[in-house]
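Here is the structure we will look at, set down as structure tokens.
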Amino acid sequence: MAHARRTPERLSAFSDGVFAVLITVLVLELRPPEIPTFTALLALWPTWLSYAVSYVFIAIVWANHHHLMRYASEATPRLMWFNFAHLFSVSLLPLSTAWMAVSELAPQPVAFYAAVFFLVNATYVALIWDLVGRTPAGEVALKERRIMRIRSVITLCIFAVAAAVALRFPILGLAMCCCCLIVYLKPEAPGAEDDTRGKD
């Protein structure tokens with residue numbers, strides 16, 4: 001008897017649960033100041049900045065993951081392991097966020113934080129390769145494939161450089177990571193929608 005096709009719905013639902021837990025863990029890491037003044041609260045700006053960047057990062061990763069899973073027609077073993085690798089890399093974010101916040105944006109914690117960004121993006125590239133790269137040409141425009149690959153490789157390189165830069169200039173390294181997030185605010189590949197409208 002042939003095995004039934006493994007649909008990707010459970011994989012997507014499990015992934016959504018992991019993202020929800022990670023955001024909850026981030027919130028639980030926040031601690032109020034010991035002194036009940038606004039000055040003491042403002043003094044914790046490295047913590048709030050670290051939390052804000054990480055929250056936006058998880059939101060962007062989830063949106064892009066959700067968009068990418070639209071191309072999944074079957075939960076193959078390769079897809080499941082690539083997805084687990086992606087989730088593992090994202091799960092390092094609360095640790096790296098807490099270390100960066102406690103250190104008040106010290107060089108090595110910020111470099112580790114950027115390295116986590118690199119790992120998340122590298123596993124995302126693997127998902128693109130497995131899902132979009134193996135999708136029939138008629139279902140994904142060549143321009144969209146090219147843009148997705150170029151965007152992924154460029155941001156991967158910037159994250160790697162940011163990790164190295166952060167060892168000397170932590171604020172600059174963190175700023176480079178934030179700039180990379182901007183290009184992922186819209187999950188669809190920039191300009192790909194123009195191709196779609198042109199075919200209508």
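Here full-length UniProt numbering is used: the first residue of the sequence shown is 1, the next is one more, and so on.
Each residue gets a CB set at the ideal place from its N, CA and C atoms; glycine is no exception.
All figures in this text were calculated on a predicted structure; none of them were measured in a lab.
I need the boundaries of the alpha helix (DSSP H) containing residue i, first residue and last residue.
i	result
VAL102	93-102
VAL116	107-131
Do you know offhand how far residue i's Cα is from residue j's?
i	j	result
TRP81	CYS180	26 Å
THR37	TRP45	14 Å
ASN64	ILE35	40 Å
TYR71	ILE182	23 Å
CYS43	PRO8	Here residue 43 turns out to be Ala, not Cys, going by the sequence shown. Rounded to whole angstroms, ALA43 to PRO8 spans 45 Å at the Cα level.
MET69	ILE60	14 Å
ARG197	ALA40	Bear in mind that the predicted position of ARG197 carries a pLDDT of just 45, short of 50, making it unreliable; the figure below should be weighed with that in mind. If you take the alpha carbons of ARG197 and ALA40, they lie about 53 Å apart.
GLU75	ARG31	The question names Glu, but residue 75 in the sequence shown is Ala. Rounded to the nearest angstrom, the two C-alpha atoms are 40 Å apart.
ILE147	PHE84	25 Å
MET1	LEU131	Low local confidence applies: a pLDDT of 42 at MET1 is under 50, so the model's placement there is unreliable, with the coordinate-based value given in what follows. Rounded to whole angstroms, MET1 to LEU131 spans 28 Å at the Cα level.
LEU26	ARG6	33 Å
SER15	TRP129	19 Å
Applying the criterion that 16 or more other CB atoms from any shown protein chain within 10 Å of the CB defines a buried residue, is residue i buried or exposed?
i	result
TRP62	buried
CYS177	buried
PHE19	buried
LEU11	buried
ALA115	buried
THR47	buried
Thinking C-beta only, is residue j closer than 8 Å to residue i?
i	j	result
LEU174	LEU79	no
GLU188	HIS67	yes
*Taking contact to mean at least 3 C-beta pairs separated by less than 8 Å, is the stretch 105-117 in contact with the stretch 161-168?*
yes
*Given 8 Å as the limit, is there contact between the stretch 150-161 and the stretch 118-132, that is, 3 or more CB pairs closer than that?*
yes
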